[in-house]
Amino acid sequence: MGTEHSKNEGQSSMVFLRKGPKLPAWEDALLSGKEPKSLLKRGLRYVSLSLIMKGMTSTPDFLWGLPEVQKLNLSRNQLVVIPPSLGKLDRLVVLNLGGNCLKCLPKEIGLLRNLKVLFANMNCLKEVPSELSLCRKLEVLSLSHNCISQLPLSFTDLTSLRKLNLSNNCFVQIPLCIFALRSLDFLHLGSNRLENIAESVQHLVNLQIFIVENNNIRTLPRSLCFITTLELLNVDYNAIQTLPDDLYLLRRLPRIAWNPMDKGLHIAHNPLSRPLPELVEGGLDVLFNYLREKKEHN
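Printed below as a string of structure tokens:
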């Protein structure tokens, strides 16, 4: 009896010792009994935390108690929502939320005033909060592979934005706010539902790479020819039949390009009217000379 009594007493005290806030099993596994701060990596430039491919369905609570984090990678999990607590991490410079199941971003993302890079690609987003435009230092934004069909007008405030990826979404036209982003040097709108490119595209005076492949574009605007900074123009897989005569002004395009990674003019898989297909086969110089002479005779 005495032995049984002391055994029960020992078990009771063990239960007592374990009482307190218990972490979910997966969160406990992340920490492995360590302090949350032990997960931080302090590099030369940033304090970073990577929780990539951890099978998370929700964000760990300990995350919001790490305000010193500057680079946070939560990609390739199964996150359905990012809580408002995200706003507490106001030192964030790089945030990767790609490859999750997010249907929206919290409006508190606008509190991340130091944010320069945001990846929210490969999610289930249908819209983007207007508060994101408060992140005035944002330079790189990827929203590709979502279900977005429009952007807030307030995006005109993202004047530092240089690279914008909106590919594989549901855009029928290029959002007007984009034409105000004069610092853009990279714009990807491939695999949407675009039927035209507005003449206002000429306002993107620093654009070097412009990708609109795999859409329903029938003609290219003349104003596109005045973006003389262009080094890569990809209009593959569209419904283009004719080319603007002034296209030869894009002198920084080095060649007719066939490899997706190459700089140059990508114009394959379009129903070009004759003699354009043969000219394209002859190379960019042949095509540009034809267009120049055509314009001179007109």
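Quick note: to get the working numbering, add 18 to the position in the sequence shown (first position is 1). Cβ coordinates follow ideal geometry from the N, Cα and C atoms, glycine included.
Beta-carbon proximity list for residue i, same chain, < 6 Å, skipping 5 on both sides
i	result
L171	C195
S93	I70, N114, G116 and G117
G300	none
F137	N114, G116 and S160
Sub-9 Å separation of residue i and residue j beta-carbons
i	j	result
L161	V135	no
V190	L169	no
H206	L182	yes
P102	K121	no
P293	Y308	yes
D203	Q226	yes
L67	L84	yes
L250	H284	yes
Y255	R310	no
E86	V99	no
P54	L81	yes
Inter-residue spacing [alpha-carbon to alpha-carbon] between residue i and residue j
i	j	result
I235	F197	18 Å
L150	L179	12 Å
N139	N210	14 Å
L238	G128	36 Å
E22	L130	Below a pLDDT of 50, predicted positions are generally treated as unreliable, and E22, at 48, falls in that range; the measurement from the model is reported next regardless. So the alpha carbons of these two residues sit roughly 59 Å apart.
L156	A47	34 Å
L184	G208	8 Å
I230	N141	Checking the displayed sequence, the identity of residue 230 turns out to be Val instead of Ile. So the two alpha carbons sit approximately 21 Å from each other.
L58	G51	15 Å
S148	E217	25 Å
V158	N316	43 Å
M279	N232	16 Å
D263	K144	38 Å
E45	D108	23 Å
P78	E213	43 Å
Residues of its chain near residue i, where Cβ-Cβ distance is below 8 Å and the 5 sequence neighbours each way are ignored
i	result
L290	I258, Q259, T260, L261 and V298
N11	Coverage of the chain is limited to positions 19 through 316, which leaves residue 11 absent and any answer about it impossible.
Where the alpha helix (DSSP H) containing residue i begins and where it ends
i	result
L297	L294 to G300
First through last residue of the beta strand (DSSP E) which encompasses residue i
i	result
G128	No beta strand (DSSP E) contains G128, which DSSP labels as neither H nor E.
I227	I227 to I229
H284	G282 to H284
N183	K181 to N183
Beta-carbon contacts of residue i that lie in its chain and below 7 Å, excluding the five residues immediately before and after
i	result
N325	Here the chain comprises residues numbered 19 to 316, so residue 325 is not present and cannot be evaluated.
L110	V87, Q88, L90, L130, N132 and L133
K281	E249, L250, P272 and A275
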